[in-house]
Amino acid sequence: MILAIVGLILGIIIGILTPVQLPAGYADYMAIAILAALDSIFGGLRSGQEGTFDGLIFLTGFFANTLLAALLTYAGDKLGVNLLLGATVAFSIRIFNNVGFIRRHLLESARRKS
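Under the working numbering, the first residue of the sequence shown is numbered 1, with each subsequent residue one higher.
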């Protein structure tokens, strides 16, 4: 868990210090990739709270979700259908569910300690 937090902090610092500009055409792909990554991160945090975290499942899910979301967005662009919206809704629902579980778990842990 500590390694993941250190990696996250280093990634944020490198991202802030590295001026990277992407073409506007990639905005949809970046948005859905970030949502997929956040979904995997919050899912990993939830499984850590449940005591069922598996690093291999986390890594494969992280990359598979991100790749699948980008491919769906690309296919939607080619077909003229906004599949980005569907993927955004699905990832958002999963993120909110995971955050809600984490919040409840933390509150229950705090209640038991007091």
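The beta carbon of each residue, even a glycine, is placed where N, CA and C say it ideally should be.
Backbone secondary structure at Gln-21 - three-state DSSP: coil
Collapsed DSSP secondary structure at Thr-60 in the structure displayed: helix
Segment contact flag, the region 27-34 with the region 73-86, C-beta cutoff 8 Å, min 3 pairs: yes
Alpha-carbon spacing of Ala-69 relative to Ala-4, whole angstroms: 23 Å
Proximity below 7 Å, CB of Arg-46 to CB of Ile-93: no
Exposure of Gly-44, with buried meaning 16 or more beta-carbon neighbours within 10 Å: buried
Beta-carbon proximity check, Ala-36 vs Thr-66, cutoff 7 Å: yes
Beta-carbon proximity check, Gln-21 vs His-105, cutoff 7 Å: no
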